[in-house]
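Those letters in the sequence shown? Residues 129 to 473, per the numbering used here, in order.
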Amino acid sequence: MREGWTYKKLGEVCDLYQPKTISSDMLVSDGDYLVYGANGIIGRYNQYNHEASEVLVTCRGATCGTINISTPFSWINGNAMVVHPKNEHLCKKYLAYALQGVDMSDVITGAAQPQITRQSLSPKNLPIPSLSEQERIVSELDLLSGIIEKKKAQLKEYDQLAQSIFYDMFGDPVTNEKGWEVKKLGEVYKLKSGDGLSAKDFIIGDYPVYGGNGISGWHKAYNMDGNFIIVGRVGAYCGNVRYVKGKFWLTDNAFQLYFDNRLQHPVFITYLLRILDLHRYANHAAQPVISNITLKGINVIYPPLSLQQSFAEKIEAIEKQKALIQQSITEVETLFNSRMDYYFN
């Protein structure tokens, strides 16, 4: 126990409750007030049920235990549990950071629909220093998280620049106002899904395992060796596109896309497919899937290789800058996590 700090049950120092829920069909696109649900902001409404900003704990669904802070004058739905300090001796921003440091795994119940109840959350211990110390901790953590957010905004700006360069050089690939040759994707590229792995096969190994959303683990063997475009095939990440080099294992959640290096530049292909937004070609089932046949039938522009190479050079320069920013983000995130661990674990 830190000197001068007290440790209280969350239910002793905070009121915990789930507000009245409004249905999604009651949301108003131009409503005056934000609506908060399980995953933060979910829409707008013409009424509010909380004047002040509140600390929220997601209490239903896959993101159970996530911490959010609402804006003043907002509607908070019952999928988020309000954790409201009982007096002014507990700073809300400090409370939010402290809750991020709380292990929620033992208070989440339910398999098909995970949930957190007031009864399960109330006994959790909360470290409480003096108000001045709370404010100092908030100031430090706000500074670090602010740096991270600014750097992430820089990454988005570079992504927007890359997209702008693409449109300047090639135009809209759907309307093809520049009149490039057009072919079906299946005429230019070969597609093949990867190989399935069971959960027990995701072991520590030398080779990364790629699925629809990048590296998902490591494996002792590889089934891919070379340069490939990977397209997410199934689930929330179907339609994601990335360019991968080297030896790796590709799961059956993604397609590998073979291309002729003499005719197409992989950087151009990657950006072209991202701009085409392949996710919109997925079916609309609970588990979205893009079929091999559907992808092969998509129209793709076919500009001269020299122009593709010029585009790739510009993008590679941008990617170098993004890599430096990402390295900086990782360093600041490591420091942030270290300070969170110092204060709350």
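From the three backbone atoms N, C-alpha and C, an ideal C-beta is built for every residue, glycine too.
Since we're looking at a predicted model, the values are computed, not measured.
Alpha carbon of residue 185 to alpha carbon of residue 145, nearest angstrom | 10 Å
Grab me the residues of residue 411's own chain with a C-beta within less than 7 Å of its C-beta, minus the 5 sequence neighbours each way, in chain order.
-> In chain order, 417 place their CB closer than 7 Å to the CB of residue 411, counting only its own chain and leaving out the 5 sequence neighbours on each side.
From this set, 253, 167, 378, 299, which residue's C-alpha is nearest residue 354's C-alpha?
-> When C-alpha distances from residue 354 are compared across 253, 167, 378, 299, the shortest belongs to 378.
Give the DSSP bridge partners of residue 424, in chain order.
-> Partner(s): none; residue 424 has no beta bridge.
Is it right to say residue 260 is buried, meaning 16 or more other beta carbons lie within 10 angstroms of its own, or is it exposed?
-> It counts as exposed.
Identity of the residue in 434, 226, 458, 300 nearest residue 213 by Cα | 226
Would you say the segment 176–185 touches the segment 194–201, given that touching needs at least three Cβ pairs under 8 Å?
-> Yes, the segment 176–185 is in contact with the segment 194–201.
Can you tell me whether residue 265 is buried or exposed, with buried defined as 16 or more other CB within 10 angstroms of its CB?
-> buried
Opposite residue 130 in the DSSP bridges: which residues?
-> DSSP lists no partner for residue 130.
Simplified DSSP state of residue 331, which is helix, strand or coil = coil
Pairwise C-alpha distance: residue 350 and residue 331 = 13 Å
What are the boundary residues of the alpha helix (DSSP H) that includes residue 303?
-> Per DSSP, residue 303 belongs to no alpha helix (DSSP H) and is neither H nor E.
For the putative contact between residue 188 and residue 224, defined by C-beta atoms under 8 Å, what is the C-beta separation to the nearest angstrom?
-> Actually they do not touch by this definition, with Cβ atoms about 19 Å apart.
From this set, 231, 256, 366, which residue's C-alpha is nearest residue 413's C-alpha?
-> 366
C-beta contact flag for residue 317 and residue 376 at 7 Å | no
Smallest Cα separation from residue 136: which of 258, 254, 427, 319?
-> 254
Pull up the CB-CB distance for residue 202 and residue 156, whole angstroms please, since I reckon it's below 8 Å.
-> So it is not a contact: roughly 14 Å between Cβ atoms.
How would you label residue 301, buried or exposed, when you count the other beta carbons within 10 angstroms and need 16 or more for buried?
-> Residue 301 is classed as buried because its beta carbon has at least 16 other beta carbons within 10 Å across all chains shown.
In terms of DSSP beta bridges, what is residue 370 paired with?
-> Residue pairing from DSSP places residue 370 in a beta bridge opposite 358.
Which term fits residue 357, buried or exposed, when burial requires 16 or more other beta carbons within 10 angstroms of its beta carbon?
-> Per the 10 Å Cβ criterion, buried.
What first and last residue would you give for the alpha helix (DSSP H) that runs through residue 382?
-> No alpha helix (DSSP H) holds residue 382; the beta strand (DSSP E) holding it covers 382–386.
Near residue 147, what residues of its chain come up, given a Cβ to Cβ distance below 7 Å and the 5 sequence neighbours on each side ignored?
-> 177, 204, 205, 206, 210
Other residues of its chain near residue 415: CB distance less than 8 Å, five sequence neighbours each side excluded = 362, 363
Just grab the DSSP bridge partners of residue 142 for me.
-> Per DSSP, 213.
Are there three or more Cβ pairs, one per stretch, closer than 8 Å when the segment 232–243 is compared with the segment 268–287?
-> Contact fails: fewer than three Cβ-Cβ distances are below 8 Å.
With DSSP collapsed to three states, give me the class of residue 226.
-> For residue 226, the secondary structure class from DSSP, reduced to helix, strand or coil, is helix.
Cα-Cα, which of 432, 431, 142, 461 is closest to residue 246?
-> Closest by alpha carbon: 142.
Do the segment 436–452 and the segment 340–350 touch if we need at least three Cβ pairs shorter than 8 Å?
-> no
Could you please give me the residues that DSSP links to residue 466 through a beta bridge?
-> Paired residue(s): none; residue 466 is not in a bridge.
Can you pull the DSSP bridge partners for residue 321?
-> According to the DSSP secondary-structure assignment, residue 321 is paired through a beta bridge with 383.
Spatial neighbours of residue 305 in its chain, beta-carbon cut-off 6 Å, leaving aside the 5 residues before and after | 299
So is residue 240 buried or exposed if we call it buried at 16+ other beta carbons inside 10 Å?
-> exposed
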